[in-house]
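To start, the structure under review is shown below, and the notes come after it.
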Amino acid sequence: TGIKHDGTMCDTCRQQPIIGIRWKCAECTNYDLCTVCYHGDKHHLRHRFYRITTPGNSFWTFFIILTFVGSSFNNFRVLLESRRKSKKITARGIFAGARVVRGVDWQWEDQDGGNGRRGKV
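Going by full-length UniProt numbering, the sequence shown opens with residue 1, and the numbers climb by one from there.
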């Protein structure tokens, strides 16, 4: 997501402000992570986290959202179970920075640099 959480900082990588989903530890006082650090297991896996998808945490932020959007509070701050026993899976797809090569179904001549060349997304 392109959401910017002004006034926050990831307590692991020090990204400031946190952009995207904000992960707030429910067990520790004032401990936040960015998505990369959360999914990289940079904090205790036994701790539960809040997934925060809307910037700000004041009453008025949520009052305005509830009034004008008609959504529930739970859509913006969700308490998740600990990930201690969660299974890791490999994500597949095209990601920024991925190294790629031409596949068998290539149809676009040599715009990629030619057969056998490696490219970067």
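Virtual Cβ for every residue (Gly too), placed ideally from N, Cα, C.
Excluding the 5 residues flanking it on each side, Gly2 has same chain C-beta neighbours closer than 8 angstroms at Ile19, Gly20, in chain order. Secondary structure at Cys10: coil, using DSSP grouped into helix, strand and coil. A residue is called buried when at least 16 other Cβ atoms come within 10 angstroms of its Cβ; Leu79 does not meet this threshold and is exposed. Residue environment for Asp32: buried (at least 16 other C-beta atoms within 10 angstroms of its C-beta).
By the neighbour-count definition (other C-beta atoms within 10 Å, threshold 16), Phe76 is a buried residue. Under the criterion of beta carbons closer than 8 angstroms, Cys34 and Cys10 qualify as touching, at roughly 4 angstroms. DSSP places Val36 inside the alpha helix (DSSP H), whose first and last residues are 35–39. DSSP links Val78 through a beta bridge to Arg51.
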